[in-house]
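Asks: Pasting a structure below so you can have a look.
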């Protein structure tokens, strides 16, 4: 289950097995929007994270370095950063991601919305995704 404080407008989530973008968060209900401009509201209890799979990571712009390692190198003004994501087996999901920043472990995330929030926290830019 996702907690309301984990979410930001712009996060992508599953609702009824369809990917939606969060457009509003209000008192336990989430305003959702699909790519075809269909809008809906859902109880937060009914939404699920989008699992971080190889396919999702590739659609987020990461490149596959080896069987279970994905990389992203980006520069922003004078800041250069490199993220490495390691797919690991997890009880709750098929995959989870361990993230390093210049070889230092910084996070363990399980859902796409968590990865979006982390990237935004590090860079103040949205993670571009085409699902």
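Numbering (this note's numbering), first residue to last: 989 to 1119.
Built from N, CA and C at the ideal position, the CB exists for glycine as well.
Keep in mind the model is a prediction, meaning the values are calculated, not measured.
Please list, in chain order, all residues of the same chain as residue 1006 whose beta carbon is under 8 Å from its beta carbon, the five residues on each side excluded.
Replies: The residues are 1022.
Asks: Going by C-alpha to C-alpha distance, which of 1004, 990, 1010 and 1003 sits closest to residue 996?
Replies: Nearest of 1004, 990, 1010 and 1003 to residue 996, Cα basis: 1010.
Asks: To which residues of the same chain is residue 1036 closer than 6 Å at the C-beta, ignoring the five residues directly before and after it?
Replies: Here the set comprises 1002.
Asks: By a C-beta neighbour count over all protein chains shown, 10 Å radius and 16 as the cutoff for buried, is residue 993 buried or exposed?
Replies: That one is exposed.
Asks: Leaving out five residues before and five after residue 1058 in sequence, what residues of the same chain have Cβ atoms less than 6 Å from its Cβ?
Replies: Around residue 1058: 1045, 1050, 1052 and 1073.
Asks: Could you tell me the distance, in whole angstroms, from the CA atom of residue 1048 to the CA atom of residue 1032?
Replies: Cα-Cα distance, rounded: 24 Å.
Asks: Tell me where the beta strand (DSSP E) around residue 1047 begins and ends.
Replies: It is not in any beta strand (DSSP E) - residue 1047 instead sits in the alpha helix (DSSP H) that spans 1042–1047.
Asks: Any idea which residues DSSP pairs residue 1099 with across the strands?
Replies: According to DSSP, which records beta bridges pairwise, residue 1099 is partnered with 1039.
Asks: Sort 1004, 1017 and 1028 by Cα distance to residue 1038 and report the nearest one.
Replies: Checked all of 1004, 1017 and 1028; the closest Cα to residue 1038 is 1004.
Asks: Quick one, are the C-beta atoms of residue 1108 and residue 1116 less than 9 Å apart?
Replies: Their beta carbons are not under 9 Å apart, which means residue 1108 does not touch residue 1116 by this criterion.
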